[in-house]
Amino acid sequence: QQPVQSPQAVILREGEDAVINCSSSKALYSVHWYRQKHGEAPVFLMILLKGGEQKGHEKISASFNEKKQQSSLYLTASQLSYSGTYFCGTDAGSARQLTFGSGTQLTVLP
Amino acid sequence: DTAVSQTPKYLVTQMGNDKSIKCEQNLGHDTMYWYKQDSKKFLKIMFSYNNKELIINETVPNRFSPKSPDKAHLNLHINSLELGDSAVYFCASSQGRGQPQHFGDGTRLSIL
Numbered sequence: 001q002q003p004v005q006s007p008q009a010v011i012l013r014e015g016e017d018a019v020i021n022c023s024s025s026k027a028l029y030s031v032h033w034y035r036q037k038h039g040e041a042p043v044f045l046m047i048l049l050k051g052g053e054q055k056g057h058e059k060i061s062a063s064f065n066e067k068k069q070q071s072s073l074y075l076t077a078s079q080l081s082y083s084g085t086y087f088c089g090t091d092a093g094s095a096r097q098l099t100f101g102s103g104t105q106l107t108v109l110p
Numbered sequence: 001d002t003a004v005s006q007t008p009k010y011l012v013t014q015m016g017n018d019k020s021i022k023c024e025q026n027l028g029h030d031t032m033y034w035y036k037q038d039s040k041k042f043l044k045i046m047f048s049y050n051n052k053e054l055i056i057n058e059t060v061p062n063r064f065s066p067k068s069p070d071k072a073h074l075n076l077h078i079n080s081l082e083l084g085d086s087a088v089y090f091c092a093s094s095q096g097r098g099q100p101q102h103f104g105d106g107t108r109l110s111i112l
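So the sequence lines, in the order shown, correspond to chains C and A. End of the first sequence = 110 in the numbering used here, gap-free, step of one. End of the second sequence = 112 in the numbering used here, gap-free, step of one.
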């Protein structure tokens, strides 16, 4: 079953912060986050494994609440280059494959 | 060096034809995947494959078949193409479950 992402779209000014949420109805082995720019391939951002860990890479970080089967992606002090569609992909154990959410379109304006 | 490469980049063909898309990865990964991305950008897994096991998403029509001549290649063959097959098809690879997936640039398939 497809994870639910929210919001569907968000528009920011440069320097503002954003949070993208991903929730699943199934117990998760891991959550992946990818960014896709228009006409390009999805690019890996980070993976969170069960255990409630939080990861970060410069101004982009993510958390995973294993009990609630939810993950959030945090983008701080957004840059123009952050624009794109963000996908969460969930690995729900038995499927051993990623099921992607419908994506969140992020637009950063100057 | 291109990590995951797909050919062709664009494929325009008529309904009813049979076509193949090739994928090669030079990352030494054990697992390869095929995804379909429709016009609404919904990214859907079709197959995952390593040298031991093929996992097929149950919603994929049997007109679609993956073929892997070796660990570095996973080609996608499509029989009797239909209008609804128009989409972007992405190949990806990873070192295994719980590892990052690296995507190819995609093949844009248009059915006339």
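Think of the CB as a built atom: it goes at the ideal place given N, C-alpha and C, for glycine as much as any other residue.
Leaving aside the five residues before and after A87 of chain A along the sequence, list all residues of the same chain whose C-beta is less than 7 Å from its C-beta, in chain order.
-> Numbered from 1 along the second sequence, position 87 holds the residue referred to as residue 87 of chain A. Here the set comprises K36, Q37, D38 and L109.
From the DSSP output, in three-state form, read off G84 of chain A for me.
-> Within the second sequence, the letter at position 84 stands for residue 84 of chain A. It is helical.
Whole-angstrom C-beta distance between P7 of chain C and T99 of chain C, which should lie under 8 Å = Within the first sequence, numbered from 1, the residue matching residue 99 of chain C stands at position 99. Within the first sequence, numbered from 1, the residue matching residue 7 of chain C stands at position 7. At roughly 20 Å, the Cβ-Cβ gap does not stay under 8 Å, so T99 of chain C and P7 of chain C are not in contact.
Do Y31 of chain A and S48 of chain A have their C-beta atoms within less than 8 Å of each other?
-> As a first step, residue 31 of chain A must be located in the second sequence, where it is residue number 31. As a first step, residue 48 of chain A must be located in the second sequence, where it is residue number 48. Here residue 31 of chain A turns out to be Thr, not Tyr, going by the sequence shown. Going by C-beta atoms, T31 of chain A is nearer than 8 Å to S48 of chain A.
Beta-carbon contacts of T85 of chain C that lie in its chain and below 6 Å, excluding the five residues immediately before and after = The residue you call residue 85 of chain C lines up with position 85 of the first sequence. The residues are Q36, G103 and Q105.
Assigned secondary structure, S83 of chain C (DSSP; H/G/I helix, E/B strand, else coil) | The count along the first sequence starts at 1 and reaches residue 83 of chain C at position 83. Looking at S83 of chain C - three-state DSSP - the assignment turns out to be coil, as it is neither helix nor strand.
Hey, out of C:H32, C:D17, C:L73 and C:E14, whose CA is closest to D91 of chain C's CA?
-> As a working mapping, residue 91 of chain C is identified with position 91 in the first sequence. Among C:H32, C:D17, C:L73 and C:E14, the Cα nearest to that of D91 of chain C is on C:H32.
DSSP beta-bridge partners for K71 of chain A?
-> Taking the second sequence and counting its residues from 1, the one referred to as residue 71 of chain A is at position 71. According to DSSP, K71 of chain A bridges with nothing at all.
Could you spell out where the beta strand (DSSP E) holding H38 of chain C opens and where it closes?
-> Residue numbering aside, residue 38 of chain C sits at position 38 when the first sequence is read from its first letter. It is not in any beta strand (DSSP E) - H38 of chain C carries neither H nor E in the DSSP assignment.
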